[in-house]
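According to the UniProt record's numbering, the residues represented by the sequence shown are 1 to 146, in order.
The next block holds one structure in the form of structure tokens; read it before the comments.
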Amino acid sequence: MPDYSPTSSSYETAPTSPSETLYNTENRIRFATRGMSNTTTDEIVALDPRNVQHWKRYVAVASALAEVTTNKLEARLRKTILELDQEVAHLHYDLDAILCLRKEDLKRAQRRHNQTGFVLGVLTGILLFLVLKHRSKNVFELLDIE
């Protein structure tokens, strides 16, 4: 009589199905047979392998779509960054031109102010000279100095 104990070398186990090797008792997931739909019994989830395959396909398509969308967004982001960099460079150039014009206007205004001050100083000097010259005659007459 053959020995069917687990330690016996003649003991042969039936080959395990892929569902048993993929899912163990820790996660409590098993594939249901083709005729069964998704059911839950004794805290063991029985899944139809076709649904899992559809889910895997969906995940693969969704991840591929997400990657394509990410690549498009990255390309659009790079393009937008380049456009904004160019716009900033143009604004910087325009502001530098405006600053140069303002500096020239300030230099002209300062020159005009200096010229006006000089003319007023000269006119004040002439006026002071005339006043002192006119009064000096009266002062000399009062003192009788000849």
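The C-beta atom is built at its ideal place from N, Cα and C for all residues, glycine as well.
* Count the other CB atoms, across all protein chains shown, that sit within 10 Å of the CB of VAL131; report buried if there are 16 or more and exposed otherwise. => exposed
* Asked: Taking the C-alpha atoms as reference points, what is the distance between SER136 and ARG111?
  -> Between SER136 and ARG111, the C-alpha separation is close to 37 Å.
* Asked: Looking only at its own chain, which residues have a Cβ that is under 7 Å from the Cβ of LEU128, when we skip the five neighbours before and after it?
  -> none
* Contacts around ARG108, its chain only, beta-carbon distance under 6 Å, and the 5 residues preceding and following it disregarded -> none
* When the Cα atoms are used, what is the spatial distance from LEU120 to GLU104? -> Answer to the nearest angstrom: the Cα atoms are 24 Å apart.
* To do: Work out the CA separation of HIS54 and GLU74 for me, nearest whole Å.
  => Between GLU74 and HIS54, the C-alpha separation is close to 30 Å.
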